[in-house]
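In my numbering, the protein residues as written are 223 to 406.
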Amino acid sequence: MSELITLCRIDACAIMCSQYESQPKVWPSPIGVQQVLFKFKMIPEMEQRKNMVNQESFFSQRTIKEVKQLNKHCKDNRVKKMTQFMFNNICGKWVVHGLNFWDLNDLSLLLDETMSNIDKRMDAFAITPLNAQGASSSSSSFMVALPLMTMVMPKMMPRIGMEDIVQSDVNNMDPMKRICEQLY
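Following this line, the structure appears as structure tokens:
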């Protein structure tokens, strides 16, 4: 309590009641408690109640705050799970079978949001043309279009055990599939 008084530069006292003792314990002293209570009673009632909490209201406020934080984390986890599911599904790793209505609804919302973000980025590229060096002509834009990646396979390279890693028809592959295979 003394640290609280020193750090916050406030007047404070403590009255601790116990069912095992007939007299309450007071801190710092009975006279100190009377002085603090007298100053407190001199404050208008509205000002007194503004920051006043009891144990029940404190725990109620704390519980509400923690529930909000829990809901936020649950929502974040759900978005991450659906994002992972979406990318795995695009790459052919998972199938949509077995999802319930809520999963499908969340996945639909995530797909709509992702498509909207892609459209915004495409619009930004259309508005901000690239100069000859591939840099944006606008200094405020930080997005730069990258050239399509192609993989060239040397003729002399041995292919023993490499079929799963390098494919001869990579240049003809769907760009989305090529990205997925690079990720996994």
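Backbone N, C-alpha and C fix where the C-beta goes; we use that ideal spot for every residue, glycine too.
{"Asked": "For residue 248 and residue 236, believed in contact at Cβ under 8 Å, the rounded distance", "Found": "7 Å"}
{"Asked": "Beta-carbon proximity list for residue 333, same chain, < 6 Å, skipping 5 on both sides", "Found": "none"}
{"Asked": "Rounded Cβ spacing between residue 262 and residue 270 (contact assumed at less than 8 Å)", "Found": "7 Å"}
{"Asked": "Straight-line gap, residue 290 to residue 230 (C-alpha atoms, nearest Å)", "Found": "28 Å"}
{"Asked": "Whole-angstrom C-beta distance between residue 329 and residue 304, which should lie under 8 Å", "Found": "5 Å"}
{"Asked": "Cutoff 7 Å; reference residue 258; Cβ partners in own chain excluding five residues on either side", "Found": "233, 234, 235"}
{"Asked": "For residue 237, three-class secondary structure by DSSP", "Found": "strand"}
{"Asked": "Simplified DSSP state of residue 315, which is helix, strand or coil", "Found": "coil"}
{"Asked": "Bridge partners - residue 248, DSSP secondary structure assignment", "Found": "237"}
{"Asked": "Contact set for residue 226: own chain, Cβ-Cβ below 8 Å, skip 5 residues either direction", "Found": "232, 234"}
{"Asked": "Boundaries (first-last residue) of the alpha helix (DSSP H) holding residue 269", "Found": "267 to 272"}
{"Asked": "Neighbourhood of residue 240 by C-beta distance below 7 Å, restricted to the same chain and skipping five residues each side", "Found": "none"}
{"Asked": "Distance between residue 345 and residue 282 (C-alpha atoms, nearest Å)", "Found": "48 Å"}
{"Asked": "Inter-residue CB distance, residue 246 and residue 238 (contact presumed, cutoff 8 Å)", "Found": "6 Å"}
{"Asked": "Alpha-carbon to alpha-carbon, residue 296 and residue 431", "Found": "Here the chain comprises residues numbered 223 to 406, so residue 431 is not present and cannot be evaluated."}
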